[in-house]
């Protein structure tokens, strides 16, 4: 458990912490900034304008699009394979971890608008990366440049989603291993977990912590008792229906900030994988640092770099992959 050290000590130690957990922007020769300047000028402005209108109509959509990008990049890389459909229920969309993923229609709508101006130029994968960036920015988070030039994959396999998506009950060791497969560091992991400052989780994702944490019908002892009681009132049975939800960040659920880390530090993390960040010495130090609101800019800078790093996972560029006119085509 992280001890309650003074903020003056943390301020001195923060540089060492950040070095131990270093996030660096790792180059990928196939991606570049402003890739579409000549072939589809203004495409990023178009995406942002479309999303601004959509977010005004649906305040839950930013979190959905951010999650959609994450779940895509962790399976076959950032190639829009999660957008592919299957008549036989064998695509990534059909895997249990993706059962509550949404935002497909928003990406499809934006793709149609782009196709009307720049046919067969802009990939679905790049649209998803732009949409995730704009979801953060339009939720009062950092604005950062997105590398583009990705091409789309045409393979989507349910079993791979089960294999590569991080579990909601994983500890830091497990989570770090899942991120390492995508060439992401431990700091990438603890920073990208901060995306949970937006969005919700469904009761089955965390009900074990309320009712059967060790298999003896008990509550997770690390969870704040009052918080656990409030959650139990919403998730009244261990297998409550999927429609019952709670915010991942009870401090500021609709704003991109450090409320997520504040929740973890107060032992009010919703998912076990989020609570686990406080139990490790390195990730716990980052959580404690971000509990101090004065480090918001540090988090913003870290998150921007970590998103760029993740956006390079397994990308298809050049002549690899395809550009299709519809993102959600069927694979069978």
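In mature numbering (1 follows the signal peptide of the UniProt record, and there is no 0), the protein residues as written are -27 to -1, 1 to 305.
Note that the Cβ used here is the ideal one computed from N, Cα and C, for glycine as well.
Worksheet item: With a cut-off of 8 Å, do at least 3 Cβ pairs link the stretch 83 to 100 to the stretch 118 to 127?
Response: Verdict: yes, contact present.
Item to complete: Under 6 Å Cβ to Cβ from residue -27, same chain only, skipping five residues before and after it: list those, please.
Response: Because the pLDDT at residue -27 is just 47, under 50, the model does not fix this residue reliably, and the point stays unresolved.
Worksheet entry | Residue span of the alpha helix (DSSP H) that contains residue 42, given as start and end | Start and end: 34 to 46.
Discussion item. If I measure Cβ to Cβ from residue 208 and keep anything under 7 Å in the same chain, skipping five residues before and after, which residues do I get?
Written reply: Same-chain partners within the cutoff: 176, 180, 183 and 217.
Discussion item. I'd like the ranges of any alpha helix (DSSP H) spanning at least 4 consecutive residues and lying wholly in the stretch 254 to 291.
Written reply: Taken in chain order, the whole alpha helix (DSSP H) runs of length 4 or more contained in the stretch 254 to 291 are 254 to 263 and 269 to 283.
Worksheet item: Taking residue 266 as the reference, which of 118, 236 and 154 has the closest Cα?
Response: When only C-alpha atoms are compared, the closest one is 236.
Fill in: 3-residue-minimum beta strand (DSSP E) runs that sit fully inside the stretch 163 to 221, ordered along the chain
Counting whole runs of 3 or more residues, the stretch 163 to 221 contains the beta strand (DSSP E) stretches 173 to 175 and 218 to 220.
Fill in: Cβ-based burial, residue 93 [other Cβ within 10 Å; buried from 16]
Of the other Cβ atoms in all chains shown, fewer than 16 fall within 10 Å of the Cβ of residue 93; this residue is therefore exposed.
Worksheet item: Among 300, 136 and 4, which one has its Cα closest to the Cα of residue 47?
Response: Answer by Cα proximity: 136.
Fill in: Minimum C-alpha distance to residue 238 - residue among 78, 250 and 21
Nearest option by C-alpha distance: 250.
Practice prompt. Report yes if the C-beta distance between residue 231 and residue 263 is below 8 Å; otherwise report no.
Written response: Closer than 8 Å, so yes.
Discussion item. Give me the residue from 129, 142 and 287 with the minimum Cα distance to residue 303.
Written reply: Comparing Cα-Cα distances from residue 303 to each of 129, 142 and 287, the minimum goes to 129.
Worksheet item: On the three-state DSSP scale, how would you describe residue 149?
Response: Looking at residue 149 - three-state DSSP - the assignment turns out to be helix.
Practice prompt. Spell out the partners DSSP gives residue 303 in its beta bridges.
Written response: BP columns for residue 303 point to 58.
Worksheet item: Using the beta-carbon count (16 or more within 10 Å), is residue 44 buried or exposed?
Response: Buried, since its Cβ has 16 or more Cβ neighbours within 10 Å.
Discussion item. If distances are taken between C-alpha atoms only, which option among 301, 293 and 286 comes closest to residue 370?
Written reply: The structure shown does not extend to residue 370, since the chain spans only -27 to 305, so no value can be given for it.
Discussion item. Tell me the DSSP secondary structure of residue 18 in three-state form.
Written reply: Residue 18: helix per DSSP, three-state reduction.
Discussion item. Going by beta-carbon coordinates alone, are residue 104 and residue 169 separated by less than 8 Å?
Written reply: No, Cβ-Cβ distance for residue 104 and residue 169 is not below 8 Å.
Worksheet entry | Given residue 132 as reference, the closest of 160, 143, 70 and 156 once Cα atoms are compared | Out of 160, 143, 70 and 156, 70 has the C-alpha closest to the C-alpha of residue 132.
Worksheet item: How would you label residue 292, buried or exposed, when you count the other beta carbons within 10 angstroms and need 16 or more for buried?
Response: Residue environment: residue 292 is assigned as exposed (fewer than 16 neighbouring CB atoms within 10 Å of its CB, all protein chains considered).
Worksheet item: If you count every other CB in all the chains shown that lies within 10 Å of the CB of residue 282, and 16 or more means buried, which is it?
Response: Answer is buried; the Cβ neighbour count reaches 16.
Worksheet entry | Buried or exposed by the 16-neighbour rule on C-beta atoms within 10 Å, applied to residue 241 | That one is buried.
Worksheet entry | For residue 121: DSSP bridge partner residues | Beta-bridge pairing links residue 121 to 5.
Fill in: Among 106, 32 and 58, nearest to residue 20 - alpha-carbon criterion
The shortest Cα separation from residue 20 among 106, 32 and 58 belongs to 106.
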